[in-house]
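**Student:** Got a structure for you, questions after.
In the working numbering, the protein residues as written are 269 to 347.
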C-alpha cells in the first residue's frame, strides 16, 4: 500500500515560478482552445484581480512531479 496520490490547492504562481520545466507528455492532446476561449479566461482572471478576489478557481491541474520536470497530466489548456 505504498502508492498514494497527494493533492493540495496551490496558486497558479507556484507552477509558473518554479525552476522546473513544465512538460506536456506526448500522450496529451494538442492545445485546442480558441482565441475567444483564451480571451474569456484572461478577462475573468483580470476581473477577479480588479475585484480584489483572494481566490479564482480555474479548475484542477494535475502534474507528475519528477526531479527536473512537472509533467502536466491534466489542465494544460488552462495553463
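Backbone N, C-alpha and C fix where the C-beta goes; we use that ideal spot for every residue, glycine too. Remember, predicted model here, so these are calculated numbers, not experimental data.
Among 342, 329, 311, which one has its Cα closest to the Cα of residue 281?
**Tutor:** With distances taken between Cα atoms, residue 281 lies closest to 329.
**Student:** Sort 312, 318, 288, 334 by Cα distance to residue 325 and report the nearest one.
**Tutor:** When only C-alpha atoms are compared, the closest one is 312.
**Student:** Return the chain-ordered list of same chain residues with a C-beta closer than 8 angstroms to the C-beta of residue 327, the five sequence neighbours on each side being excluded.
**Tutor:** Result list for residue 327: 343, 346, in chain order.
**Student:** Alpha carbon to alpha carbon, what distance is there between residue 315 and residue 293?
**Tutor:** For residue 293 and residue 315, the distance between alpha carbons rounds to 32 angstroms.
**Student:** Give the straight-line distance between the Cα atoms of residue 277 and residue 333, rounded to the nearest whole angstrom.
**Tutor:** Whole-angstrom Cα-Cα distance: 15 angstroms.
**Student:** Apply the 10 Å Cβ neighbour rule to residue 306 and answer buried if 16 or more other Cβ atoms are within range, or exposed otherwise.
**Tutor:** Flag for residue 306 reads exposed.
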